[in-house]
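Please read the structure below before turning to the comments.
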Amino acid sequence: CVPCAGPPGAGRPPLVTAVIESQCCCVRLLVVDLGVDVNVPDFIGTTAVWMASMQGDYHTMFVLLYVGADLTRAFPNHAGKPETPVEVAWRYNHTDLFPLFAARGIEIPPGTPPPQDLMEAYIDGMPNA
């Protein structure tokens, strides 16, 4: 079940790979059954919870938060601006994750659109067609 993390030295932990490949069962196996540290970053600093926020995977996010994923750790987005997993979910409009964040004490005003500066940074970083 555990996905391949790539060739030796590739720098991507199996947990981050499982999140990228939307393998919730593998995520659960790794963090709940095998006790893998949920906050271990990959070779560029991205964590599993950051990737789950970007993908909007509710079930994977639930598992990651259950075992103590850090929602405050920021990672630079493609425009170089540090974003927390909550900001990433906000930018990609994954509002279904907000109740999970609220349960962890993160305040998200109801009905609030993603912050404009995050949207502008995202649009500015997109290649021109």
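The opening position of the sequence shown corresponds to residue 72 in the numbering used here, with each subsequent residue numbered one higher. Quick reminder that beta carbons are idealized off the backbone N, C-alpha and C, glycines included.
Helix, strand or coil at residue i [DSSP, three-state]
i, result
"Glu158", "helix"
"Ile194", "Reliability fails at Ile194, whose pLDDT of 48 lies under 50, so the model's placement of it is uncertain and the value that follows must be treated cautiously. Here Ile194 sits in helix by DSSP."
"Pro84", "coil"
"Leu100", "helix"
"Leu189", "Residue placement at Leu189 is poorly supported in this model, since its pLDDT is 48, which falls under 50; the coordinates still yield a value, given next. If DSSP states are grouped into helix, strand and coil, Leu189 belongs with the helices."
"Ile91", "helix"
Rounded Cβ spacing between residue i and residue j (contact assumed at less than 8 Å)
i, j, result
"Val120", "Asp141", "7 Å"
"Gly127", "His165", "3 Å"
Residue i and residue j closer than 8 Å at C-beta
i, j, result
"Leu136", "Val98", "no"
"Met132", "Ala145", "no"
"Val103", "Leu86", "no"
"Gly139", "Val109", "yes"
"Arg162", "Phe114", "no"
Residue range of the alpha helix (DSSP H) that includes residue i
i, result
"Pro170", "Phe169 to Ala174"
message: If we require 4 or more residues per run, which alpha helix (DSSP H) segments fall completely within the segment 115–166?
response: 119–126, 129–137 and 156–162
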